[in-house]
Amino acid sequence: MLHLKTRAADGITILHCNGRLVDREEACKFSDAISSAISYAPSLIIDLSGLESIDSAGLGELAVIQMWARASGCSLKVAGANACIRQIMESANLLRIFETYATVDDAASAFRQTSSQAARGAA
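Structure follows, in structure tokens:
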């Protein structure tokens with residue numbers, strides 16, 4: 024079963040995923056949570072550190088949400104995927120379309136670095 028929890032920190036929305044993303048029902052639940060977050064969050068981190076397994080339904084939703092995020096102007100990063108999840112994502116060529124980080128803190132630091140560079144460029 025998939026459990027999702029959303030929190031905000033320093034202007035970044037973080038979606039924590041725990042459990043399994045392995046069937047259509049869970050994929051739809053995941054998609055609904057992402058869709059809601061994208062509607063208000065310019066910066067979103069999907070935390071996969073609690074994800075135990077993923078199948079083609081989950082992989083398909085990951086690909087779709089990346090398209091949604093780009094279309095809505097939301098910057099999206101993925102963090103915390105364990106070695107097994109990373110290998111599955113790599114096999115599906117999803118690592119090429121996502122910015123991935125070892126931890127949520129690493130992803131948040133990347134957002135902050137990008138923001139400070141943009142602010143310096145605007146000055």
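Counting from 1, position 69 in the sequence shown corresponds to residue 92 in my numbering; the numbering is continuous, with no gaps. Think of the CB as a built atom: it goes at the ideal place given N, C-alpha and C, for glycine as much as any other residue.
Ser-62 and Ser-132 have their C-alpha atoms spaced approximately 22 Å apart. Pairing Ile-111 with Asp-33, the inter-Cα distance amounts to about 31 Å.
Ala-31 and Val-127 have their C-alpha atoms some 12 Å from each other. DSSP, read as helix, strand or coil, puts Arg-47 in helix.
Taking 7 Å as the cut-off, the beta carbon of Ala-130 is found no closer than this to the beta carbon of Glu-84.
Contact check for Gly-103 against Leu-71 passes: the beta carbons are separated by less than 7 Å. Thr-29 carries a strand assignment under DSSP once its states are collapsed to helix, strand and coil. 7 Å or more divides the Cβ of Leu-44 from the Cβ of Ile-68. Counting along the chain, Ala-102 sits inside the beta strand (DSSP E) bounded by residues 98-102.
Sequence-distant partners of Gln-136 (beyond 5 residues in either direction) whose C-beta falls short of 6 Å from its own C-beta are missing from its chain. Across the set Leu-117, Phe-53, Ser-59, the C-alpha of Phe-53 shows the shortest separation from the C-alpha of Leu-25. For Gly-34, there is no enclosing alpha helix (DSSP H), as DSSP gives it neither H nor E. The Cβ atoms of Ala-115 and Leu-82 sit closer than 7 Å to each other.
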